[in-house]
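**Student:** Using this note's numbering, read the sequence shown as starting at 96 and increasing by one per residue.
Below are the structure tokens for one structure; questions will follow.
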Amino acid sequence: MAEGVGSAPIAKTDITKEACEWSAPGDALAVIAVPVYGGKVAPLALKRMERIKGENTPAVLIVVYGNRAYGEALNELDAWAVAHGFKPIAAGTFIGEHSYSTSEFPIAQGRPNQQDLTYARTFGEKIRQKMESGEELTAVEVKRIARPKQSLLSLLRFIMAVLKWQRRKEPMQKCPKVDPERCVHCGVCAAVCPVEIIASDGINVTEEGCIKCCACVKRCPHQARSFDTPFRQMLWKNFKTAKMPQTILSK
Ligand SMILES: Cc1cc2nc3c(=O)[nH]c(=O)nc-3n(C[C@H](O)[C@H](O)[C@H](O)COP(=O)(O)O)c2cc1C
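Structure follows, in structure tokens:
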């Protein structure tokens with residue numbers, strides 16, 4: 096999307112591993128993208144963004160979700176942006192492969208795909224055209240963004256499955272498991288873990304801090320890590336229809 100906007104230079108700040116302190120100048124365009132957890136902005140992302148500020152800086156707000164729903168996340172990001180000195184002029188809801196997706200139970204596997212990326216770039220180009228038009232960039236009402244189509248039946252089936260599971264009161268796995276037979280102690284898992292709870296040997300883990308992002312599971316070159324969650328099959332079964340990105344731009 097930023098490439099589509101095309102104005103150089105692009106300064107990129109990644110909060111996956113650590114918090115960021117940044118004052119975005121008023122003549123910049125900030126693109127703020129966050130993952131959705133439980134229909135909200137992932138709490139760790141919000142924490143890591145605490146010291147990001149704008150000076151009435153125009154901003155594009157993006158939430159990335161795993162093809163289920165983004166719930167209140169975009170509204171929440173909008174409130175955050177305004178409180179932090181940004182002026183949201185555009186917003187988008189994009190789909191990324193679900194953290195719980197596996198090859199057996201794929202959920203939005205391979206997203207964002209080429210079509211999503213082309214859509215994002217084109218959206219960036221539209222923003223550039225708008226900025227170059229010389230028209231005033233008014234704040235956008237993110238609530239007006241179109242919600243993706245969702246079959247009511249699948250949604251109800253999912254809710255029923257969750258309620259049924261809750262009634263069973265089965266304990267949830269706190270953190271991905273490691274198979275010591277497969278682990279070669281390469282340290283990839285430790286390097287990608289956003290909360291740094293995996294020791295460099297790949298074996299010792301402080302379970303409590305795990306945010307279940309499954310980066311260690313997906314990136315392990317030896318398939319030594321796995322995360323069992325009842326949600327995987329529920330999501331796979333009920334959210335098979337690919338949702339499409341949606342965007343909104345200031346008038
Ligand atoms: C704990 C947790 C909660 C999630 N909640 C949602 C959700 O409510 N709706 C949804 O569609 N995807 C949900 N996802 C999927 C993520 O939004 C999606 O995988 C996103 O691409 C993650 O970004 P990342 O790859 O940068 O971690 C959740 C993932 C995790 C780990």
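Built from N, CA and C at the ideal position, the CB exists for glycine as well.
Every value quoted in this text rests on a predicted model; they were computed, and no experiment measured them.
Confirm the yes/no value for this check: CB of residue 162, any heavy atom of ligand 1, distance under 7 Å.
**Tutor:** The answer is yes for residue 162.
**Student:** Is any heavy atom of ligand 1 found at a distance shorter than 7 Å from the C-beta of residue 192?
**Tutor:** It does: the Cβ of residue 192 is within 7 Å (strictly closer) of some heavy atom of ligand 1.
**Student:** Spell out the partners DSSP gives residue 79 in its beta bridges.
**Tutor:** Only positions 96 to 346 of the chain appear in this structure, which leaves residue 79 out of reach.
**Student:** With residue 222 as the anchor, note down where its alpha helix (DSSP H) starts and where it stops.
**Tutor:** 209-227 is the extent of the alpha helix (DSSP H) around residue 222.
**Student:** Is residue 279 helix, strand or coil by DSSP?
**Tutor:** Residue 279 falls in the coil class under three-state DSSP.
**Student:** Give me whichever residues DSSP pairs with residue 125 in a beta bridge.
**Tutor:** 154, per the DSSP bridge assignment.
**Student:** Indicate, with yes or no, if ligand 1 has a heavy atom lying under 7 Å from the CB of residue 130.
**Tutor:** Result yes, Cβ under 7 Å from ligand 1.
**Student:** Considering only their Cβ atoms, is the gap separating residue 331 from residue 240 smaller than 8 Å?
**Tutor:** Their beta carbons are not under 8 Å apart, which means residue 240 does not touch residue 331 by this criterion.
**Student:** With H, G and I counted as helix, E and B as strand and the rest as coil, what does DSSP make of residue 252?
**Tutor:** Note: residue 252 maps to helix in three-state DSSP.
**Student:** Just how far apart, CA to CA, sit residue 341 and residue 250?
**Tutor:** Taking the straight line from one Cα to the other gives about 20 Å.
**Student:** Specify, as a first and last residue, the run of the beta strand (DSSP E) that residue 332 falls within.
**Tutor:** First-last for residue 332: 325-333, but that is the alpha helix (DSSP H), not the beta strand (DSSP E).
**Student:** Between which residues of its own chain and residue 319 is the CB-CB distance below 6 Å, once the five residues before and five after are set aside?
**Tutor:** Result list for residue 319: 273, 274, 277 and 278, in chain order.
**Student:** Residue 205 by DSSP, collapsed to three states: which one?
**Tutor:** The answer is coil: DSSP assigns residue 205 none of H, G, I, E or B.
**Student:** Is there a Cβ from chain B that is less than 8 Å from the Cβ of residue 97?
**Tutor:** You won't find chain B in this structure, because it holds only one protein chain.
**Student:** In the structure shown, what three-state DSSP assignment does residue 119 receive?
**Tutor:** Residue 119 falls in the strand class under three-state DSSP.
**Student:** If residue 246 sits next to residue 336, beta carbons under 8 Å apart, how far is it from one beta carbon to the other, in whole angstroms?
**Tutor:** Yes, residue 246 and residue 336 are in contact; Cβ-Cβ is about 7 Å, under 8 Å.
**Student:** Just the Cα atoms here: how many angstroms apart are residue 269 and residue 308?
**Tutor:** Cα-Cα distance, rounded: 11 Å.
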